[in-house]
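Quick note on my numbering: the sequence shown kicks off at 59 and runs consecutively. Just so it is clear, CB atoms sit at the ideal spot from N, CA and C, and this is done for glycine as well.
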Amino acid sequence: MGSHEVLGQAARLASSGLLLQVVFRLITFVLNAFILRFLSKEIVGIVNVRLTLFYSTTIFLAREAFRRACLSGSTQRDWSQTINLLWLTVPLGVCWSLFLGWVWLRLLEVPDPNVVPHYGTGVVVFGISAVVELLGEPFWVLAQAHMFVKLKVIAESLSVILKSILTVFLVLWLPHWGLYIFSLAQLSYTAVLVLCYVIYFKKLLGFPKSTKQQTLPVSRMTDLLPSILRSGAFVNWKEAKLTWSFFKQSFLKQILTEGERYVMTFLNVLNFGDQGVYDIVNNLGSLVARLIFQPVEESFYIFFAKVLEREKDATRQKQEDVAVAAAVLESLLKLALLAGLTITVFGFAYSQLALDIYGGAMLSSGSGPVLLRSYCLYVLLLAINGITECFTFAAMSKEQVDRYNFTMLALSSSFLVLSYLLTHWCGSVGFILANCFNMGIRITQSLCFIHRYYRESPYRPLAGLRLSPVLLGAFALSGGITSVSEVFLCCEQGWLARLAHVAVGAFCLGATLGTVLFTETKLVHFLRTQLGVSRLTDKMT
């Protein structure tokens, strides 16, 4: 498969992943607003911070390294060894679930059962749901490696929709169940997700003449189960060693990704109610980042991993592949920078209005607006870091990944200390400031790697981080106008004034986007080309 075909499939995967994330986040967005009107903020804090952290930590530590290692390189491999390696996520997940469950039940502060009932049951069920989800890991990796985009969209959409319906039903009819509601909903989500993958492959492998079935390295369902190989080792030891390297890195990356939740959970810097408010604002602030940046990062990591060879620099690889990778990286950096700047500039003037509409005075008063404005700056750094790291992790050799782990260790330690200090100094905003600091260091590390990688080649993908003075002026002017508009029109002047404030922002946004179209013609051409490739590939499949 050529680099252009892989790029087309990656673009299709990104667009489908983007649609999937839009559906997920909109459902979650509406669901949180609904729950706030029926349940206490303490329950929201326990579910969204404490139990979700337990679940995500178990899942991340058990499978993230396996996913990255098994999706690297070509699909032409001994898939029996890869599937055996992937099944190791299940016992690993059981071990992590038992250990972390003991920590969550015995070492951490237990909430008042009169305020948050059934906490122990919640921990147990969330741990079980994590292990259930790991049962589908071989199916997920095989589907991702062969770009089965529609399967992912259907499976995850169906799971989220059923989980949301069950949550709403139980909140309306049995609100006194407390954490039982979210525990049952979480378990149903993972069970339906795994069943969708199992049923899909069972039906697909039942039709041996289908085009998709002929491209698969397995011919029957038993091939997806662990097996003893007579002709070789149980696992591919090169993949296993790469998995270990990614595992060490994943542990540190998880601390950086969920660092503020670990500080809240283990150091008790905020009570459960404040944790709930912070998490709501945090989810609202990261809504666009998760909708857009995460699926793009995941999809183009697969593209870079398939096009580039880990053990070679840019001068020792196919120059066509290097050129395509450089052009894609430059365009993605430009896109991330523009999206992040747009969110930062316009988010500053519309944070208070967004919080007031979403959650009323509980969110729009106090530190809520300052928290969301700070998060808008963090989104800019998230956007750039997502693109630089997806390339860096795909192009690094095993030794470079190991060296990078030492940097991540230092960042993890500094983040925890800085979060604790800044939280005591300026409240929950300190979490975001600490995240900004660490994200800036990570971006610097990735930029240095990319610069060294392309130093001996004629390509300069980091040019994507440069904007024209005209476009920078448009952003600055829009930020000034919308800030003045907020002072005079928002948010205590009535709904007509609010609509006028929104109209001012819409006009400034349109003018800024128009400037982008005129000044960033190379990016516009890239987007049109790849969207066209995505649609063409979709029709062919």
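Which value, in whole angstroms, describes the spacing of the CA atoms of V181 and G103? On the sequence shown, position 123 is the one that residue 181 refers to. On the sequence shown, position 45 is the one that residue 103 refers to. When rounded, the distance between both Cα atoms is 14 Å.
Run the CB neighbour count on L469, radius 10 Å, all protein chains shown included, and call it buried at 16 or more, exposed below. In the sequence shown, the residue the question calls residue 469 occupies position 411. Counting Cβ neighbours within 10 Å, L469 comes out buried, since at least 16 surround it.
Please classify N326 as buried or exposed, where buried requires at least 16 other C-beta atoms within 10 Å of its C-beta. Residue mapping note: residue 326 aligns to position 268 of the sequence shown, counting from 1. Classified as exposed, N326 has fewer than 16 neighbouring CB atoms from the shown chains inside 10 Å of its CB.
For V582, I'd like the list of residues in its chain whose CB is within less than 7 Å of its CB, leaving aside the five on either flank, ordered along the chain. Within the sequence shown, residue 582 is the residue found at index 524, counting from 1. Within the same chain, V582 has close Cβ partners L575.
With distances taken from CA atoms, which of L438, F197, S308, F324 is nearest Y258? One-based indexing of the sequence shown puts residue 258 at position 200. Among L438, F197, S308, F324, the Cα nearest to that of Y258 belongs to F197.
Does the region 113–129 come close enough to the region 151–171 that 3 or more CB-CB pairs lie under 8 Å? yes
8 Å Cβ cutoff, I415 in contact with chain B: Given the protein chain composition of this structure (a single chain), no chain B is represented.
Is the region 417–424 close to the region 448–455, with three or more CB pairs under 8 Å? no
Cutoff 8 Å; reference A521; Cβ partners in own chain excluding five residues on either side: Locating residue 521 in the sequence shown gives position 463, counting from the first residue. Only E388 meet the Cβ criterion.
So what's Q551 in DSSP terms, helix, strand or just coil? Mapped onto the sequence shown, residue 551 falls at position 493. In the structure shown, Q551 sits in coil (DSSP, three-state: anything other than H, G, I, E or B).
Considering only residues of the same chain and omitting the five flanking positions on each side of A555, which have a CB-CB separation below 6 Å? Position 497 of the sequence shown, counted from the first residue, corresponds to residue 555. Contacts found: L547.
Among L143, T573, A249, G236, which one has its Cα closest to the Cα of K221? Against the sequence shown, residue 221 aligns to sequence position 163. The residue with the shortest Cα to Cα distance from K221 is A249.
Relative to the alpha-carbon of A492, which residue among S477, P275, I338, L505 has its alpha-carbon at the smallest distance? Position 434 of the sequence shown, counted from the start, is the residue given in the question as residue 492. Considering only alpha carbons, the answer is S477.
Between E316 and L111, what straight-line distance do the alpha-carbon atoms span, to the nearest angstrom? As a working note, residue 316 is residue 258 in the sequence shown. As a working note, residue 111 is residue 53 in the sequence shown. Distance between the alpha carbons of E316 and L111: 8 Å.
Mark D170 as exposed unless 16 or more other C-beta atoms lie within 10 angstroms of its C-beta, in which case mark it buried. On the sequence shown, residue 170 is found 112 positions in, with the first residue counted as 1. Its Cβ having fewer than 16 others within 10 Å, D170 is exposed.
C-alpha distance - V152 paired with V189, whole-angstrom precision: For the purposes of this step, residue 152 is taken as the residue at position 94 of the sequence shown. For the purposes of this step, residue 189 is taken as the residue at position 131 of the sequence shown. Answer to the nearest angstrom: the Cα atoms are 6 Å apart.
Supposed close pair G485, S425 - CB separation, criterion 8 Å: Translated into the one-based positions of the sequence shown, residue 485 becomes position 427. Translated into the one-based positions of the sequence shown, residue 425 becomes position 367. Contact holds; Cβ gap of about 6 Å.
Alpha helix (DSSP H) segment containing S155, residue limits: As a position in the sequence shown, residue 155 is number 97, starting the count at 1. 147–160 is the extent of the alpha helix (DSSP H) around S155.
Below 8 Å, how does it come out for the region 509–527 and the region 389–400: are there three or more Cβ pairs, yes or no? yes
Taking 8 Å as the limit between beta carbons, can you name the residues of its chain near L440, skipping five residues before and five after? Looking up residue 440 in the sequence shown gives position 382. Within the same chain, L440 has close Cβ partners S344, A347, F351, G398, M497.
Please classify V199 as buried or exposed, where buried requires at least 16 neighbouring CB atoms within 10 angstroms. Against the sequence shown, residue 199 aligns to sequence position 141. So V199 ends up on the buried side.
Would you kindly work out how many angstroms separate the C-alpha atoms of I501 and R461, rounded to a whole number? Along the sequence shown, read from residue 1 onward, the residue named residue 501 stands at position 443. Along the sequence shown, read from residue 1 onward, the residue named residue 461 stands at position 403. Taking the straight line from one Cα to the other gives about 16 Å.
CA-to-CA distance, M322 to L328, given in whole angstroms: Residue numbering aside, residue 328 sits at position 270 when the sequence shown is read from its first letter. Residue numbering aside, residue 322 sits at position 264 when the sequence shown is read from its first letter. Near 6 Å, if we compare the C-alpha coordinates of M322 and L328.
What is the DSSP secondary structure of P353, reduced to helix, strand or coil? If you number the sequence shown from 1, residue 353 lands on position 295. Reduced to three states, the DSSP call for P353 is helix.
Quick one: grab the DSSP three-state call for K580. As a position in the sequence shown, residue 580 is number 522, starting the count at 1. DSSP places K580 in helix when its eight states are reduced to three.
How far does the alpha helix (DSSP H) with E167 in it extend, from its first residue to its last? To locate residue 167, count along the sequence shown from 1; it is residue 109. From DSSP, E167 is part of no alpha helix (DSSP H); its letter is neither H nor E.
Measuring only the C-alpha atoms, how far is D596 from F206? The sequence position of residue 596 within the sequence shown is 538, counting from 1. The sequence position of residue 206 within the sequence shown is 148, counting from 1. Residue placement at D596 is flagged as unreliable, the pLDDT there being 46, under the threshold of 50; a coordinate-derived value is accordingly withheld.
Excluding the five sequence neighbours on either side, which residues of its own chain have a C-beta within less than 6 Å of the C-beta of R125, listed in chain order? Within the sequence shown, the letter at position 67 stands for residue 125. Same-chain partners within the cutoff: there are none.
Taking the alpha-carbon positions, what's the T579 to E544 distance? Here residue 579 refers to the residue found at position 521 of the sequence shown. Here residue 544 refers to the residue found at position 486 of the sequence shown. Whole-angstrom Cα-Cα distance: 32 Å.
Where L193 sits in the DSSP three-state scheme: Here residue 193 refers to the residue found at position 135 when the sequence shown is read from its first residue. Coil, per DSSP.
Which of helix, strand or coil DSSP assigns to I499: Taking the first residue of the sequence shown as 1, we reach residue 499 at position 441. Correct three-state label for I499: helix.
CA-CA distance, H509 and L585? The sequence position of residue 509 within the sequence shown is 451, counting from 1. The sequence position of residue 585 within the sequence shown is 527, counting from 1. Each residue's Cα considered, the two are about 24 Å apart.
Which of the three DSSP states, helix, strand or coil, is assigned to D332? Taking the sequence shown and counting its residues from 1, the one referred to as residue 332 is at position 274. In this structure, D332 counts as helix in the three-state DSSP scheme.
Taking the alpha carbon of K296 as the point to measure from, which residue in V174, S130, V386 has its own alpha carbon closest? Within the sequence shown, the letter at position 238 stands for residue 296. Of the candidates V174, S130, V386, the one whose C-alpha sits nearest the C-alpha of K296 is S130.
Between the C-alpha atoms of V403 and C434, what's the straight-line distance to the nearest angstrom? By 1-based counting over the sequence shown, the position of residue 403 is 345. By 1-based counting over the sequence shown, the position of residue 434 is 376. Rounded to whole angstroms, the gap between the alpha carbons of V403 and C434 is 8 Å.
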